[in-house]
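With the numbering used here, letter number 64 in the sequence shown gets 144, and the count goes up by one each step, no holes.
Glycine is no exception: its CB is placed at the ideal position from the N, C-alpha and C atoms.
Predicted model, so just to flag it, every value in this text is computed and none were measured.
Notes to accompany the following structure.
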Amino acid sequence: MSLLNCYVAEDRALVSVDTCMAPISSGNAADLARRAHGSKLLALPHANVVLAARGEQNFFNWLASDLNRAMLDGYDAMAERMQSLLDKNLEAFMEVVAKPQGVDSFPGAEILMVGWSRATNRMQAAVWKCDHGEKAFRVARVAPWMASPNPGYAELPSPPDSAERMTAIARDQVELLRSLPVSVAVGGRLLLAEVTRDAVSISTVADMEVKP
């Protein structure tokens, strides 16, 4: 299930994700109890771009690898190519990974891309989303923030422009997801990426299993 948050200003952007994961075919608490962890946030340093995901992580890894192999220089070129890569990888993922494991419909995913746009001379972010059972991704621009899942915010009392604000949002999201009647893989550590025109930094900013 996961959480995925982003804040975009003109000259910098923040992206946060958790680390708890579960196998694609997981449907029981035993899998989740293993507290498996993985990276739901990846950097492409040559392009100064960050990719992050919520949902199906095996698909995310396929996509990120394919995007890197495309040898595109910068956010604008990657954003232009993304839809065709999503379409190609979704079809291949279902045939090669999902269906052999008995998963007949796509589990769902949100893919976020953040980077410096030379075309607009500022930071930009876009998110591509395909819900469970759907067969295509749709795209939306992130301006100026997103919190997925939204823990009930109509608007934020202040911008999520710091590690502290991102952590507060993440704690609300973990509480929401763990209150659901089904077990979901969420929590672990909170990773935060800061992206500027010329740099990407990634750090662990909170332990979601420890109450403040």
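Rounded to whole angstroms, what's the CA-CA distance from residue i to residue j? Just pull it up for me.
{"i": "phenylalanine 139", "j": "glutamate 244", "result": "30 Å"}
{"i": "alanine 150", "j": "proline 292", "result": "43 Å"}
{"i": "leucine 152", "j": "methionine 193", "result": "14 Å"}
{"i": "alanine 113", "j": "threonine 200", "result": "Since pLDDT at alanine 113 reaches only 47, below the 50 mark, its modelled position is unreliable, and the value read off the structure follows with that caveat. One C-alpha to the other measures close to 45 Å."}
{"i": "valine 264", "j": "leucine 256", "result": "11 Å"}
{"i": "glutamine 204", "j": "alanine 273", "result": "14 Å"}
{"i": "tryptophan 142", "j": "arginine 258", "result": "28 Å"}
{"i": "alanine 110", "j": "proline 125", "result": "Because alanine 110 carries a pLDDT of 47, less than 50, the predicted location of this residue cannot be relied on, and no value is offered for it."}
{"i": "proline 171", "j": "glycine 154", "result": "In the sequence as displayed, the identity of residue 171 is glutamate instead of proline. If I take the Cα positions, the gap works out to 26 Å."}
{"i": "isoleucine 282", "j": "phenylalanine 173", "result": "28 Å"}
{"i": "alanine 234", "j": "arginine 221", "result": "18 Å"}
{"i": "threonine 242", "j": "aspartate 252", "result": "As written in the sequence, residue 242 is serine, which differs from the threonine given in the question. When rounded, the distance between both Cα atoms is 16 Å."}
{"i": "glutamate 305", "j": "valine 290", "result": "Outside the displayed range of the chain (81 to 292) lies residue 305, so it cannot be described from this structure."}
{"i": "lysine 215", "j": "proline 180", "result": "18 Å"}
In chain order, what residues of the same chain have a beta carbon less than 7 Å from the beta carbon of residue i, not counting five sequence neighbours either side?
{"i": "serine 238", "result": "Arg245"}
{"i": "arginine 161", "result": "Ala150 and Leu152"}
Less than 8 Å between the beta carbons of residue i and residue j, yes or no?
{"i": "leucine 121", "j": "valine 97", "result": "yes"}
{"i": "tryptophan 225", "j": "cysteine 86", "result": "yes"}
{"i": "arginine 202", "j": "aspartate 156", "result": "no"}
{"i": "valine 219", "j": "glutamine 137", "result": "no"}
{"i": "leucine 94", "j": "serine 228", "result": "no"}
{"i": "alanine 223", "j": "alanine 159", "result": "no"}
{"i": "valine 262", "j": "methionine 288", "result": "no"}
Could you tell me how far apart the beta carbons of residue i and residue j are, in whole angstroms, since I believe they sit closer than 8 Å?
{"i": "valine 280", "j": "asparagine 148", "result": "No, valine 280 and asparagine 148 are not in contact; Cβ-Cβ is about 14 Å, not under 8 Å."}
{"i": "serine 119", "j": "valine 266", "result": "That belief does not hold up - the Cβ atoms of serine 119 and valine 266 are roughly 15 Å apart, past 8 Å."}
{"i": "cysteine 210", "j": "glycine 182", "result": "In fact, because the Cβ distance is near 20 Å, the residues do not count as touching under 8 Å."}
{"i": "alanine 133", "j": "alanine 116", "result": "About 16 Å separates the two Cβ atoms, so there is no contact after all."}
Excluding sequence positions up to five away, which residues of its chain have a Cβ less than 6 Å from the Cβ of residue i?
{"i": "alanine 286", "result": "Thr247 and Leu270"}
{"i": "alanine 144", "result": "Leu122 and Leu131"}
{"i": "serine 185", "result": "Gly213"}
{"i": "threonine 276", "result": "Arg92"}
{"i": "phenylalanine 217", "result": "Leu166, Trp208 and Cys210"}
{"i": "threonine 99", "result": "His117, Gly268 and Arg269"}
What does the Cβ neighbour count give for residue i, buried or exposed, with the cut at 16 atoms within 10 Å?
{"i": "glycine 195", "result": "buried"}
{"i": "glycine 232", "result": "exposed"}
{"i": "asparagine 230", "result": "exposed"}
{"i": "leucine 260", "result": "exposed"}
{"i": "glutamate 190", "result": "buried"}
{"i": "alanine 178", "result": "buried"}
{"i": "alanine 250", "result": "buried"}
{"i": "proline 240", "result": "buried"}
8 Å is my cut-off, CB to CB: does residue i come that close to chain D?
{"i": "alanine 133", "result": "Going by chain labels, chain D is absent from the structure shown, which holds only one protein chain."}
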